[in-house]
Structure formats: structure tokens, C-alpha cells
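All the letters of the sequence shown, read from the start, carry residue numbers -23 to -1, 1 to 178 under mature numbering (1 follows the signal peptide of the UniProt record, and there is no 0). For every residue, glycine included, the Cβ atom is placed at its ideal position computed from N, Cα and C. Quick notes on the structure that follows.
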Amino acid sequence: MQSWISVILLGLMIAISPVQASAADYPGIIRIAELDIDPQHLDEYLALLTEEAEASVRLEPGVIAIFPMVQEQNPTAVRILEIYASQQAYESHLQTGHFLKYKKATLHMVKALRLIDMQAIDARTMSILFSKMATPPPMLMCPAHGDQENAQPSGHPAFPAPTASQWVLRCPAYIARNDCIPSIPCRVSSVCRPEMCRAAR
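Structure (C-alpha cells):
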């Protein structure tokens, strides 16, 4: 029995070791900041935070990401994903003019602040984060309604070029001619459902 337990434990160690190795591959800092903001100052705070985050990523090579978010059902609950290349990069960030300006201006707006240090499960994927958003996909004009308003993304894995039948379902020009509700936008995520149409296709 003990030999079988030893074999099982050895197998678990082998299975877990790649995850541990990849987690240790990233030498920098990964953190989630949890903030509770005074509702009276929410709009002002978000404007200052947006300005600071943009300046940090643009001006500081060691700031990999400062990505602010708010909870959908509770917008005063702000969460910020912070990624720094090293401890030195983080300490340097704390001394920059844009961070000190943000910190001073928002001190009375923040009701609570919690900094949660995180560890990457697979640091190898970090280099492709948000890479799909780096370049907007090219636009393909609707054949029946060739203006920019009804342009359709194409040439991108997430937004393949639509077929002719899909254009019929998605373009307001076609929708209007086929007695469908004319306000449906020409978008990948919006289609004209059969129950919304009086004319059969």
C-alpha cells in the first residue's frame, strides 16, 4: 500500500511541477488593488485614475500594465490589475510625477485600499495579453449599404467576413427592405431573428 501511495504522490509532483516552474518564470510584481471610492467623488476619481494609468504605461518602460476596472453592479468598487517588470520598476513608479499627482488628488476620495499580491499560473502567456486588441481589424463594407456606419469587421479570427446571407440578416438596409425592424445595427453580435420579420427569407 505504501508503495502505491508513493507512486501517486510522485505522479502528482510531476504534474504540478510545470505549473510551479511557469509561475516562477516572472520576476516582477503582479498585484490586484481593491479600492472603495466615495460615491460623491466617483466621477472625479475615475478621471484621475484613467489619466494616471495611461501615463504610467506610456511613460514607464517597467510598468507592464495598470488596468483599472469597476464592478458592474457596484461602480464605487474599483479593481486595478497592476503588473511591473521588477521591484525596482515598482519603486520607481511610486516616485513619478503622475503617480504623486494622482495620489495627492485622490487621497480623500479613497475610503479603503487593499493590495493583493498575486502569482502568475502561466507567465508564458503574459506576452500575448491584449495582443488581439493592438490592431483594429480591417473593415468590410456592406454590399447593400456601403457606408462606414454599417461596416463589418473582417480579416480577424474573432470577426470573420460575413456571407451574403449574413449580410441580409445584419444590415439595416436589407432589414428595411424585408419588413424587419429597421433599427437593428449591422454588428456581428446582432442578427435579425426570424420572429422579428414578417417576410420569409
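Which of helix, strand or coil DSSP assigns to residue i
i, result
"L19", "helix"
"R147", "Because the pLDDT of R147 is 42, which lies under 50, any placement of that residue in the model is unreliable, and the number read from its coordinates should be weighed accordingly. Of the three classes helix, strand and coil, the one that applies to R147 here is helix, per DSSP."
"A89", "strand"
"M103", "helix"
"P52", "strand"
"T73", "coil"
Distance, residue j Cα to residue i Cα
i, j, result
"D13", "T53", "6 Å"
"L25", "D2", "33 Å"
"E37", "Q17", "31 Å"
"A30", "I57", "10 Å"
"F44", "I9", "10 Å"
"V47", "V40", "21 Å"
"A89", "E59", "17 Å"
"G5", "T73", "19 Å"
"F76", "L19", "18 Å"
"E21", "K78", "14 Å"
"V55", "E11", "6 Å"
"Q64", "L106", "21 Å"
"A42", "E49", "21 Å"
One or two residues paired with residue i in a DSSP bridge
i, result
"residue 200", "Any property of residue 200 remains undetermined from this structure, which presents the chain solely from -23 to 178."
"P45", "I57"
"V40", "Y61"
"D13", "A54 and A89"
Does the contact criterion of 3 or more C-beta pairs under 8 Å hold for the stretch 93 to 103 versus the stretch 77 to 85? Proximity of the stretch 93 to 103 to the stretch 77 to 85 falls short of the contact definition, fewer than three beta-carbon pairs being nearer than 8 Å.
Counting Cβ pairs closer than 8 Å, one from the stretch 99 to 110 and one from the stretch 64 to 81, do we hit at least three? no
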